[in-house]
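Chemist: Got a structure here, written out as structure tokens. Questions coming.
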Amino acid sequence: MRARKAWVAATLLTTVAFGGTTAAHADILFWSTQAAPVEETQAMREQVLSGFDEPIDYQATDDRGPWLTRIEAELEAGSGTIGVLGALHGEFVSLADNLVDLSDIDLGDVTLNATFKELGTLGTGEQKYLPWMQATYIMAANRQALDHLPEGADINALTYDELVEWAGVLAEETGSPKFGFPAGPQGLKHRFFQGYLYPSYTDSVVTKFRSAEAEEGWNKFKELWQHTNPSSTSYGFMQEPLLTGEVWVAWDHTARLADAFNQRPEDFVAFPAPAGPTGRGFMPVIAGMAIPQTAPDMEASKSLIAYMLRPEAQIATLRATNFFPVVETDLPEDMPASVRMSGEAIARMSDAENANPSLLPIGLGEYNGKFNQVYVDAFERIVLAGQDVRTVLDDQAETLRSVMEESGAPCWAPDEPSDGACPVE
Amino acid sequence: MTAVTARETAVPAADIRKRGRFLVAITILILSVWVLAPIYLLAINALSSPAQVNAFPKSLVPGMETESIAFFLGFAGVLRALGNSILVAGITMVLAIGLGAPAGYALSRFDFRGKDAFRIMVLMTRAFPLPLLALPLAVMFIRTGLDDTAFGLALVHTTLALPFAVLITFSLFSGIPVELEEAAWTLGCTRFQAFHKVVLPLVLPGIAASAVFAFVISWNEVFAAAVLTIQNRTLTAFLLQNINVSPMHLKFAGGAMLVLPALIFIFAVRRYLFAMWGIASR
Numbered sequence: 001m002r003a004r005k006a007w008v009a010a011t012l013l014t015t016v017a018f019g020g021t022t023a024a025h026a027d028i029l030f031w032s033t034q035a036a037p038v039e040e041t042q043a044m045r046e047q048v049l050s051g052f053d054e055p056i057d058y059q060a061t062d063d064r065g066p067w068l069t070r071i072e073a074e075l076e077a078g079s080g081t082i083g084v085l086g087a088l089h090g091e092f093v094s095l096a097d098n099l100v101d102l103s104d105i106d107l108g109d110v111t112l113n114a115t116f117k118e119l120g121t122l123g124t125g126e127q128k129y130l131p132w133m134q135a136t137y138i139m140a141a142n143r144q145a146l147d148h149l150p151e152g153a154d155i156n157a158l159t160y161d162e163l164v165e166w167a168g169v170l171a172e173e174t175g176s177p178k179f180g181f182p183a184g185p186q187g188l189k190h191r192f193f194q195g196y197l198y199p200s201y202t203d204s205v206v207t208k209f210r211s212a213e214a215e216e217g218w219n220k221f222k223e224l225w226q227h228t229n230p231s232s233t234s235y236g237f238m239q240e241p242l243l244t245g246e247v248w249v250a251w252d253h254t255a256r257l258a259d260a261f262n263q264r265p266e267d268f269v270a271f272p273a274p275a276g277p278t279g280r281g282f283m284p285v286i287a288g289m290a291i292p293q294t295a296p297d298m299e300a301s302k303s304l305i306a307y308m309l310r311p312e313a314q315i316a317t318l319r320a321t322n323f324f325p326v327v328e329t330d331l332p333e334d335m336p337a338s339v340r341m342s343g344e345a346i347a348r349m350s351d352a353e354n355a356n357p358s359l360l361p362i363g364l365g366e367y368n369g370k371f372n373q374v375y376v377d378a379f380e381r382i383v384l385a386g387q388d389v390r391t392v393l394d395d396q397a398e399t400l401r402s403v404m405e406e407s408g409a410p411c412w413a414p415d416e417p418s419d420g421a422c423p424v425e
Numbered sequence: 426m427t428a429v430t431a432r433e434t435a436v437p438a439a440d441i442r443k444r445g446r447f448l449v450a451i452t453i454l455i456l457s458v459w460v461l462a463p464i465y466l467l468a469i470n471a472l473s474s475p476a477q478v479n480a481f482p483k484s485l486v487p488g489m490e491t492e493s494i495a496f497f498l499g500f501a502g503v504l505r506a507l508g509n510s511i512l513v514a515g516i517t518m519v520l521a522i523g524l525g526a527p528a529g530y531a532l533s534r535f536d537f538r539g540k541d542a543f544r545i546m547v548l549m550t551r552a553f554p555l556p557l558l559a560l561p562l563a564v565m566f567i568r569t570g571l572d573d574t575a576f577g578l579a580l581v582h583t584t585l586a587l588p589f590a591v592l593i594t595f596s597l598f599s600g601i602p603v604e605l606e607e608a609a610w611t612l613g614c615t616r617f618q619a620f621h622k623v624v625l626p627l628v629l630p631g632i633a634a635s636a637v638f639a640f641v642i643s644w645n646e647v648f649a650a651a652v653l654t655i656q657n658r659t660l661t662a663f664l665l666q667n668i669n670v671s672p673m674h675l676k677f678a679g680g681a682m683l684v685l686p687a688l689i690f691i692f693a694v695r696r697y698l699f700a701m702w703g704i705a706s707r
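So the protein sequences, as listed, match chains B and W.
For the first sequence, my numbering begins at 1 and goes up steadily by one.
For the second sequence, my numbering begins at 426 and goes up steadily by one.
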């Protein structure tokens, strides 16, 4: 009797396992590495994609491993379920050969940002991806910290010297270090060195990696670290320590500060990144959309991309993800606090006279991780382990040179364009 | 005279026993706190509002705000993913025991060539990292149509759970004297009947324990689930990759969502687990 029951249960289980799997495959699968935090995923589904004619299955993951493995598997198998890919510029590079040319998509009267559109060709003659949205990294501070601002310092035109001084004053007057830096495993510290510290001190990311100017920059950062909250080595998203009050001044990605601005807009200010001897270095981040060759319904995928670039969808995306539009459009008045606050800071930063934008690494493909590791290792050795700056830079420059040579990536802004692999001097 | 000495020595003996009991109590307390404190913190934070989660110092009483939990219940696809998780873990459990227990029995009762090699080889499936295997597996699954099915994923999870199922059941069967079976044979039982009527009731609690283990392995696996399923995501694959980049209050709520079903399951089968350790709980 009992045995029969078990058999019935087992049969039932197998039937359920095989049944119900063929249903609902008509949805366009949007396979993305962006908007992965659950609230953003929810908002993408309910506020952005629901406006499209066909149902869309939006799946976002912050983990690049499964994302890439899945698309590679579909390409290799020659048949797939993924309709549209959403990812950062650098994540498309290794897939370039398998992406469909998007230059025939009819965008109507939408004007795309020309620089970003050009990036989408990935150096080929085809439009491998179309820009989707953009963001950048800014500074945020608790209003209480403004009372301790050094005399003569303008928060919207800070220099690294002033930031160090400010952090020092804060630590002294409040009794504990109040500057925070996302140096945890989930943190985006490498982007700070690539897009902020290096351009601000050397006007370069790769070429002048081991220059005397770079040494000066690292020494300045070491000074800043003296007044940095030691828990920084575990911080991922700076909005959390800002909200708890552990940290009063921080640098991070706009989307990773948004919660602080939205939850308590009157308690926080957003402001541009500081400037160094060679300008106010900052790094715009560009996410794009592409279609793999294995997409089940090419036309539907293309019209989805066209839909995502319509101004109203772009503004809905901005509300959902805190990533800004890549098409020409006016922002409505009633945007969330984080959008207004970061938007102003970004405008101040990019419009600053000494603005020095640098791009996310281009052309590194699978070497992206190794490239980032060079900067992370330099940080860990110089700042955390307290090793000699000169020695570490000389060591790491060798690693960086081999990464550049193996990947063959030419220089990108702010480095001067190069023939062949970007040299490390 | 003798009575006095007896009393004199009895006092320190009782004292030592008392201290021993105290030590045991402390150990139990520490172990319980070790396990329960994180679950408790998870629970109170899951039931607090974002402001309470971020507040300092932390309150040890839940705010009884169900906002974060409600968000997850309303998150498109959570219930379906929960169903998939249970389904995949269930199939894994059945397959792992269905294949693992006979293998364990064979290892403990029969001598055959390559027995030792087999015992080592069965562990080999754990030697390859999944991210390495996932790509060829996914390609094969897409080609054979196993892609995006609960059964296909359960096959992968079974491979992961099988070594444990084999080795646990092997030691269970080895613990049952073969003489018991022989006695049953002499009394007219066939080999199968002897197994069914004599051995099985004795090892059932242990088998239940290794089934729980298989369930938990499947429940916790993320990478294969994230690559091999799209529409039929498991809860872990569905939430875990998104939770680690979500705000604190949602991390807690999502964590609670992931832990709770597994806790309920283990609670439901606890009688078998206790029975395995020889504690009666009726």
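Every residue gets a Cβ at the ideal spot worked out from N, C-alpha and C, and that includes glycine.
Please read all numbers here as calculations on a predicted model, not as lab measurements.
1. Counting only beta-carbon separations shorter than 8 Å, does B/P199 have a partner in chain W?
2. Would you say the segment 100 to 109 of chain B touches the segment 351 to 361 of chain B, given that touching needs at least three Cβ pairs under 8 Å?
3. Rounded to whole angstroms, what's the CA-CA distance from W/G460 to W/A468? Just pull it up for me.
4. What did DSSP end up calling B/L102 once you bin it into helix, strand or coil?
5. Between the segment 265 to 275 of chain B and the segment 142 to 156 of chain B, do three or more beta carbon pairs fall short of 8 Å?
6. So, are the CB atoms of B/P274 and B/Y137 less than 8 Å apart?
7. Assuming B/W31 is part of the alpha helix (DSSP H), what are its boundary residues?
8. With 8 Å as the threshold, decide whether the Cβ of W/L685 is near any Cβ in chain B.
9. Per DSSP, which one or two residues make a beta bridge with W/D572?
10. Can you tell me whether DSSP reads B/A43 as helix, strand or coil?
11. For B/T207 and B/V424, which I take to be in contact (beta-carbon distance under 8 Å), what is that distance rounded to the nearest angstrom?
12. Give me, in chain order, the residues of the same chain whose beta-carbon lies closer than 8 Å to that of B/S103; leave out the 5 immediate sequence neighbours on both sides.
13. What separation, rounded to the nearest whole angstrom, lies between the Cα atoms of B/G83 and B/W31?
14. Counting only Cβ pairs nearer than 8 Å, list the residues of chain B close to W/I642.
15. Among the candidates B/V285, B/L170, B/S407 and B/E54, whose CA atom is the shortest distance from the CA of B/S303?
16. Indicate the three-state DSSP secondary structure (helix, strand or coil) for W/R658 in the structure shown.
17. So, helix, strand or coil for W/N509, using DSSP?
18. Determine, for W/S510, whether the minimum Cβ-Cβ distance to residues of chain B falls below 8 Å.
19. Apart from the five residues just before and just after W/D440, which ones in its own chain have a Cβ nearer than 7 Å to its Cβ?
20. If distances are taken between C-alpha atoms only, which option among B/D203, B/V48, B/T294 and B/W67 comes closest to B/D97?
21. Compute the distance between the beta-carbons of W/A563 and B/R70, then report whether it is under 8 Å.
22. Quick check: the segment 251 to 268 of chain B against the segment 329 to 337 of chain B, are at least 3 beta-carbon pairs closer than 8 Å?
23. CA-CA distance, B/E405 and B/N368?
24. At 7 Å on the CB atoms, spell out the chain W contacts of B/Q263, in chain order.
25. So, is the C-beta of B/S79 closer than 8 Å to a C-beta in chain W?
26. For the segment 45 to 82 of chain B, which segments carrying the beta strand (DSSP E) assignment without a break, of at least 3 residues, lie completely within its bounds, in sequence order?
27. Below 8 Å on the Cβ atoms is my contact criterion, and I expect B/L29 with B/D62 to pass it. Report the Cβ-Cβ distance as a whole number of Å.
28. Assuming B/A306 and B/I155 are in contact, meaning their beta carbons sit under 8 Å apart, how far apart are those beta carbons, in whole angstroms?
29. Establish whether the CB of W/Q666 and some CB of chain B are separated by less than 8 Å.
30. Suppose the cutoff is 6 Å on Cβ atoms and the five residues either side in sequence are ignored; what does the same chain contact list for B/L99 look like?
31. Kindly say whether B/A73, judged by its beta-carbon, lies nearer than 8 Å to any beta-carbon of chain W.
32. Could you have a look at W/G679 and say whether DSSP puts it in helix, strand or coil?
Modeler: According to the structure shown:
1. With a threshold of 8 Å between beta carbons, B/P199 makes no contact with chain W.
2. no
3. The sequence as given places Val at residue 460 of chain W; Gly does not occur at that position. The alpha-carbon atoms of W/V460 and W/A468 are separated by roughly 13 Å.
4. coil
5. Inter-segment contact for the segment 265 to 275 of chain B and the segment 142 to 156 of chain B is present: three or more beta-carbon pairs are separated by less than 8 Å.
6. no
7. Annotation for B/W31: no alpha helix (DSSP H) segment contains it, though the beta strand (DSSP E) segment containing it runs I28 to S32.
8. Between W/L685 and chain B, the shortest Cβ-Cβ separation is not below 8 Å.
9. DSSP, once it has assigned bridges, lists no residue as partnering W/D572.
10. Three-state DSSP puts B/A43 in a helix.
11. 7 Å
12. E126 and Q127
13. 8 Å
14. Here the premise fails: no neighbours, minimum Cβ distance about 18 Å.
15. B/E54
16. In this structure, W/R658 counts as coil in the three-state DSSP scheme.
17. helix
18. no
19. none
20. B/T294
21. yes
22. yes
23. 13 Å
24. The answer, in chain order, is P475.
25. It does; some Cβ of chain W falls within 8 Å.
26. Correct list: 56 to 60.
27. Contact flag wrong, Cβ pair sits at about 18 Å.
28. Not really, about 41 Å apart at Cβ, beyond 8 Å.
29. yes
30. The beta carbon of B/L99 sits closer than 6 Å to those of K128 and A290, all from its chain and outside the five residues before and after it, given in chain order.
31. yes
32. helix
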